[in-house]
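One structure is given here, and the rest of the page talks about it.
Residue numbers (our numbering): 1336 to 1419.
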């Protein structure tokens, strides 16, 4: 299986609007973590410098860096959506 690690940063704007920035795609998780290390002191990123652990079970603070593995050559959104 070939995959990439997508690095994003998320913070919440007033009105509970999530602002997500796609930072990059990396060959390994280590590469993505190294990118976080380079960015976490920069303006904006330093306000939420941690890597969010989605396994923590806490949905209260999802602000920070997100690293997700995506398999290449596969649809990751397989259903439609409804705009509200």
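In this text, a Cβ means the ideal position worked out from N, Cα and C, and glycines have one as well.
Practice task
Decide yes or no for the touch test of the segment 1394–1405 against the segment 1337–1353: beta carbon pairs closer than 8 Å, at least 3 of them.
Solution key: Judged by Cβ distances under 8 Å, the segment 1394–1405 makes contact with the segment 1337–1353, as three or more pairs qualify.
Practice task
Just the C-alpha distance for residue 1366 and residue 1414, rounded to the nearest angstrom, thanks.
Solution key: 31 Å
Problem - Rounded C-alpha distance that separates residue 1406 from residue 1384 - result: 26 Å
Problem - Minimum C-alpha distance to residue 1361 - residue among 1417, 1404 and 1409 - result: Of the listed residues, the one whose Cα sits closest to residue 1361 is 1404.
Handout entry: Candidates 1352, 1402 and 1349, of which the one nearest residue 1371 by Cα
Key = 1402
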